[in-house]
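J.:
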Amino acid sequence: MADPVLPGVDDPDRALDARLREGSEAPDAPFVNRLAAEASPYLRQHAHNPVNWFPWGEEAFARAKAEGKPIFLSVGYSTCHWCHVMEHESFEDAEVAAFLNEHFIAVKVDREERPDVDAIYMTAVHLMRGQGGWPMTVVMDAEGQPFFAATYLPARDGDRPGQRGLLSIMGEVADLWQTDRERVGQYAADLSRKLAEVQGGQPPQQVDLKAPDKALKALKNAYDPIYGGFSGAPKFPQPSLVSFVLRKAVVDGDAEALKMVTHTLDQMALGGMYDHLGGGFHRYSVDGQWHEPHYEKMLYDNAQLALLYTEAWQVTGSELYARVVQGTLGWLLGEMADPQGGFFAATDADSLDESGHKVEGAYFMWTRPQLKAALGEGDGLRFAEAYGIEGEAEPLHRDPKVPLADDEALRAKLKAHRDGRSAPHVDRKVVTAWNGLTISALAVAGDAFDRDEWTAAATSTAETVLKHNRLPDGRLARSRLGDRIGSLAVLDDHAFLLQGLVDLFERTGDVRWLKEALVIKDDMQARFADPAGGWFLTDAGGEALLAQPKPDQDGAEPSGNAVAAVALIKLGNLLTDSAIVDVGVLALDGMGATLNKYPSAAPHGMTAVMLAQTDLQQVVLAKGEGDALGRLLSRSYLPNAVRTPVKPGLQAEIGAVVPSVADKPARDGRSTAYVCTWGACKKPTTDPGELAEQLGIEAD
């Protein structure tokens with residue numbers, strides 16, 4: 001079996017080495033490995049490590065079996081700070097590489113490309129260690145059964161206080177593999193059985209309809225009344241959680257819950273986690289005050305937050321929230337848009353400082369001398385006071401108590417200065433699921449703020465993903481990098497895209513998005529459905545893995561099961577099709593054990609539960625003269641309504657898919673709204689005040 005020229009490789013294949021160099025980005029680098037042939041930006045970052053890396057696949061497992069070696073699995077992603085640290089300390093070290101190459105088959109996985117592999121082995125890390133994170137380090141046998149797990153490891157004992165090093169730990173693991181294989185195998189088999197039980201979901205259980213109330217009560221108890229948010233340090237934005245609290249606040253008329261939402265959103269928008277110069281949010285706050293961020297920016301965070309701030313603006317009319325939406329979507333469109341269509345995945349936490357060294361957050365931090373150099377002595381000091389810059393380099397965070405009349409002009413000037421710095425690396429893959437979230441954000445915000453360019457971007461993103469994020473056989477792909485297609489899509493890709501298409505139809509009335517949504521729905525059901533309710537993460541006909549995950553709790557992204565359930569309940573209501581609604585409702589029983597026991601851990605599931613027990617209002621807007629009705633709907637937060645806008649001349653086309661459109665014309669040529677619930681309709685109206693009354697909201 002051939003290997004390139006690497007430390008610890010006894011009989012290297014120089015022809016293979018040359019072929020790998022031809023496809024690499026640094027053909028003259030001292031080393032090259034198989035990752036040079038991969039599309040993933042994260043894997044390609046490791047293509048010139050002296051480690052004999054294999055991508056996840058049959059070749060690696062066959063080699064492990066043939067040579068009787070365990071697999072050293074390392075999982076991370078391209079914008080992960082500690083992944084970069086471990087690469088520099090360990091995987092670029094020739095001694096460490098030689099040891100790994102001699103005793104293990106080393107496999108590198110991009111968690112963003114393979115969330116299924118990541119989910120399975122992160123569960124193993126939690127079972128063995130009690131907590132997880134990235135980089136993830138797992139050792140397993142040739143059947144994929146794990147028996148050792150850790151996260152970041154320094155290279156050697158003493159490199160970091162209180163931590164043993166990779167060389168000594170892996171030395172013990174290799175010795176154990178050689179001397180007590182039977183005990184290792186038994187432990188790995190037992191752990192794998194437990195993994196399959198945990199990942200495969202619980203037996204169906206009827207959902208407690210009071211679960212959303214219990215979730216809100218738990219969140220009120222966890223709420224930080226000083227700084228906002230629902231935890232101490234570190235603080236994550238948790239958009240699906242805040243969105244659920246907003247829904248409960250509005251539906252229940254709960255002023256306390258609404259205050260929790262607005263306080264949290266205010267603190268995030270003013271703190272260091274928000275990029276006050278370029279727009280967009282960093283991944284989380286290291287401290288409990290939203291002050292010190294972890295500096296990577298993720299598409300999935302920013303798409304969800306743009307949508308959340310739009311909805312909060314609809315409820316409150318806050319100008320701060322409007323500026324945040326504009327800044328966040330402006331950043332996405334200006335810096336994250338793929339020229340071929342869609343949006344890139346993330347930007348790195350690390351960037352080069354003035355000395356040319358990679359430092360976390362270097363691009364975003366400021367000192368007072370730097371502010372004075374960029375803005376002038378007086379303006380620099382005023383800006384430093386308003387944005388809390390005192391001693392060492394730190395991120396900007398706005399103090400609303402300090403007036404700054406020329407705030408916008410100074411920020412623009414400072415942004416121009418920052419543009420001269422070395423910007424963070426951009427992970428340029430276009431992930432289907434995250435672009436689905438972005439379609440929702442752009443469609444809803446474009447409609448709410450009357451920004452045609454945002455709606456156009458939502459439309460072009462949907463077109464691009466549906467056309468180009470496809471495998472050769474037509475199945476949906478997880479991602480695309482340029483013209484290179486990644487692995488097979490998982491549940492989240494289908495569910496998030498389905499929701500994005502439904503949102504896009506509701507805001508544009510373009511029936512092609514509804515038709516595409518129905519195709520994605522059918523594909524999702526065929527590939528991922530659990531007959532007991534809900535969906536598995538992976539395609540039943542795809543690669544056989546150690547377990548078949550069935551995610552039902554929300555993390556930084558909402559669970560695919562919850563998103564699919566919400567999307568189907570809304571889609572079924574749009575089409576007045578109870579069979580589609582029933583599939584979404586059945587999914588709740590499939591998640592029932594988790595939703596009942598840990599309701600606050602599944603806030604998007606709680607949103608689905610609320611929708612499932614509500615008769616949604618089906619609003620048909622037959623457009624004619626006047627836009628007052630449309631603006632009322634666009635500017636209003638309507639958590640229990642679905643919308644079908646019908647442009648003149650399109651009633652027959654839309655009506656062929658949406659039966660509720662029939663016999664609902666624009667009366668006397670004027671825009672007319674019809675508010676119905678499963679065929680029972682209120683009086684048609686052309687008056688915004690009357691429509692507001694029918695919807696139970698306030699007119700503008």
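Take 1 as the starting number for the sequence shown in the working numbering and just add one per residue.
Even for Gly, the Cβ is constructed at its ideal location relative to N, Cα and C.
Do the CB positions of TRP513 and ALA462 come within less than 8 Å of each other?
T.: Yes, they are a contact pair.
J.: Here's the rule I'm using: 16 or more other beta-carbon atoms within 10 Å means buried, otherwise exposed. How should MET1 be labelled?
T.: exposed
J.: Nearest CA to the CA of MET140: which residue from LEU73, VAL583, PRO115 and SER90?
T.: LEU73
J.: Just the Cα atoms here: how many angstroms apart are LEU574 and VAL261?
T.: 29 Å
J.: GLU358 lies in the alpha helix (DSSP H); which residues open and close that run?
T.: The sequence given here has Lys at residue 358, not Glu. For LYS358, no alpha helix (DSSP H) run applies; the uninterrupted beta strand (DSSP E) run containing it begins and ends at 358–360, by DSSP.
J.: Go ahead and pull the three-state DSSP assignment for ALA322.
T.: helix
J.: Over the uninterrupted beta strand (DSSP E) stretch that includes GLN617, give me the two end residues.
T.: 617–622
J.: Of all the options ALA526, HIS604, ALA656 and GLY542, which has the alpha carbon lying nearest to the alpha carbon of ARG576?
T.: Residue 576 is actually Thr in this sequence, not Arg. Selected option, being the one with the closest Cα: ALA656.
J.: Between which two residues does the alpha helix (DSSP H) containing THR310 stretch?
T.: 299–316
J.: Rounded to the nearest angstrom, what separates PRO50 and TYR42 at their Cα positions?
T.: Rounded to the nearest angstrom, the two C-alpha atoms are 16 Å apart.
J.: Along the alpha helix (DSSP H) that carries ALA66, what are the first and last residues, could you check?
T.: 58–67
J.: According to DSSP, is PHE364 helix, strand or coil?
T.: Three-state DSSP puts PHE364 in coil, outside helix and strand.
J.: Have a look at LEU650, VAL619 and ALA628 and flag the residue whose alpha-carbon is nearest the alpha-carbon of LYS683.
T.: VAL619
J.: Within this structure, are the beta carbons of LEU571 and GLY500 separated by less than 8 Å?
T.: no
J.: How is ALA652 classed by DSSP in three states: helix, strand or coil?
T.: helix
J.: Can you tell me which of the three DSSP states HIS48 falls into?
T.: Secondary structure at HIS48: coil, using DSSP grouped into helix, strand and coil.
J.: Beta carbon of GLN314, beta carbon of SER636: below 8 Å?
T.: By the CB criterion at 8 Å, GLN314 and SER636 fall inside the cutoff.
J.: Within the same chain, show all residues whose beta-carbon is closer than 8 Å to that of LEU308, passing over the 5 residues directly before and after it, in chain order.
T.: PRO239, VAL242, SER243, LEU246 and LEU265
J.: Can you tell me whether DSSP reads THR137 as helix, strand or coil?
T.: strand
J.: Among ALA188, ALA150, PRO161 and GLN186, whose alpha-carbon lies nearest the alpha-carbon of MET170?
T.: ALA150
J.: Spatial neighbours of GLY248 within its chain, please: C-beta separation below 7 Å, excluding the five flanking residues on both sides.
T.: Note on identity: in this sequence residue 248 is Lys, with Gly being the wrong assignment. In chain order, PRO212, LEU216, ASP254 and ALA257 place their CB closer than 7 Å to the CB of LYS248, counting only its own chain and leaving out the 5 sequence neighbours on each side.
J.: Rounded to whole angstroms, what is the Cα-Cα separation between ARG14 and ALA36?
T.: 15 Å
J.: Output the boundary residues of the beta strand (DSSP E) element that contains PHE54.
T.: 53–55
J.: Tell me the DSSP secondary structure of GLU557 in three-state form.
T.: coil
J.: Name the DSSP beta bridge partners of ARG670, please?
T.: ARG670 is bridged to GLU625.
J.: Comparing alpha-carbon positions, which option in ARG44, ARG164, TRP177 and GLN131 lies nearest GLU67?
T.: TRP177
J.: With a 10 Å radius around its C-beta and 16 neighbouring C-beta atoms as the bar for buried, classify SER479 as buried or exposed.
T.: buried
J.: By how many angstroms is the C-alpha of ALA593 removed from the C-alpha of PRO70?
T.: 36 Å
J.: Distance check for LEU414 and VAL117, CA to CA, integer angstroms please.
T.: 43 Å
J.: PHE528 bridges to which residues according to DSSP?
T.: Paired residue(s): none; PHE528 is not in a bridge.
J.: Go ahead and pull the three-state DSSP assignment for CYS83.
T.: helix
J.: Suppose you measure from the CA of TYR387 to the CA of ALA416; what does that come to, to the nearest Å?
T.: Taking the straight line joining both Cα atoms gives about 17 Å.
J.: Taking the alpha carbon of GLY649 as the reference point, which residue from ALA556, ASP510, ALA532 and LYS515 has its own alpha carbon closest?
T.: ASP510
J.: Taking the beta carbon of HIS81 as the centre, do at least 16 other beta carbons fall within 10 Å, making it buried, or is it exposed?
T.: buried
J.: Which value, in whole angstroms, describes the spacing of the CA atoms of ASN33 and ALA47?
T.: Those two C-alpha atoms are separated by around 5 Å.
J.: What's the call for LEU209, buried or exposed, on a 16-neighbour Cβ count within 10 Å?
T.: When all chains shown are included, LEU209 counts as exposed.
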